[in-house]
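**Q** Add 233 to the 1-based position in the sequence shown for the working numbering, that's all there is to it.
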Amino acid sequence: MTNKSGRHLVNLFFRILVHCLAHKIQVFKLRCLKDEKNKALCGWFFPKDENNKTDTVFLGIEHDEHAGPDGLPKTLIHEVAHYALPKVAHRYIYEFENRLWECLTPEQKKVFRSFVPKHTVKRGPKQRGMM
């Protein structure tokens, strides 16, 4: 995606995801994020419903994929893509996340890093009544 039209698409998706993060989605960072079957997860998107007043993303910081500075921001892109592209299959979200990350400028990557919360919360989805 280095040609002009490809750069335009990267910038468009960047603006869409940043808009979602800035205005639509709440992000929390947990030490250990697990699903209903007690499986460790990198991240989890919870859409708003009667129990969950806002669209929410949880990032689990103890997962293997989070090694290095790019782990959490890439997971954040992945989870926000579930919100922005709700009909897209999970395997394509993985591809989207990786290809978009490769094409982002260092400044754009810095913006995504800025949306990763600095502090870790203790109450995960179970304690918040989301599961």
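Beta carbons are placed, not taken as given, at the ideal position from N, Cα and C, and that holds for glycine.
(1) Have a look at Lys320, Lys281, Gly276 and Ile310 and flag the residue whose alpha-carbon is nearest the alpha-carbon of Arg248.
(2) Measuring only the C-alpha atoms, how far is Thr289 from Gly357?
(3) How long is the line joining the alpha carbons of Thr378 and Ile294, rounded to whole angstroms?
(4) Please state whether the Cβ-Cβ distance between Leu292 and Val321 is less than 8 angstroms.
(5) My output table needs one value for Leu254: the three-state DSSP class, helix, strand or coil.
(6) Taking DSSP as the reference, what is the three-state secondary structure of Gln259?
(7) What residue range does the beta strand (DSSP E) around Phe291 cover?
(8) Which residue marks the beginning of the alpha helix (DSSP H) containing Gly304, and which one marks its end?
(9) Can you name, in chain order, every residue of its own chain whose Cβ lies under 7 angstroms from the Cβ of Val243, other than the five neighbours on each side?
(10) Provide the residue span of the alpha helix (DSSP H) that contains Phe345, from first to last.
(11) Decide if Val354 is buried, meaning its Cβ has at least 16 other Cβ atoms within 10 Å, or exposed.
(12) Do you know offhand how far His315's Cα is from Leu245's?
(13) If you follow the beta strand (DSSP E) that Gly276 is part of, which residue opens it and which one closes it?
**A** In brief:
(1) Ile310
(2) 11 angstroms
(3) Residue 378 lies beyond the residue range present for the chain, which begins at 234 and ends at 364; the question has no answer from this structure.
(4) no
(5) Note: Leu254 maps to helix in three-state DSSP.
(6) Here Gln259 carries a strand assignment [DSSP, helix/strand/coil].
(7) Asp288 to Gly293
(8) Gly304 to Ala317
(9) Met234, Leu333, Cys336 and Leu337
(10) Run containing Phe345: Pro339 to Ser347, per the alpha helix (DSSP H) assignment.
(11) Flag for Val354 reads exposed.
(12) Distance between the alpha carbons of His315 and Leu245 is about 16 angstroms.
(13) Gly276 to Phe279
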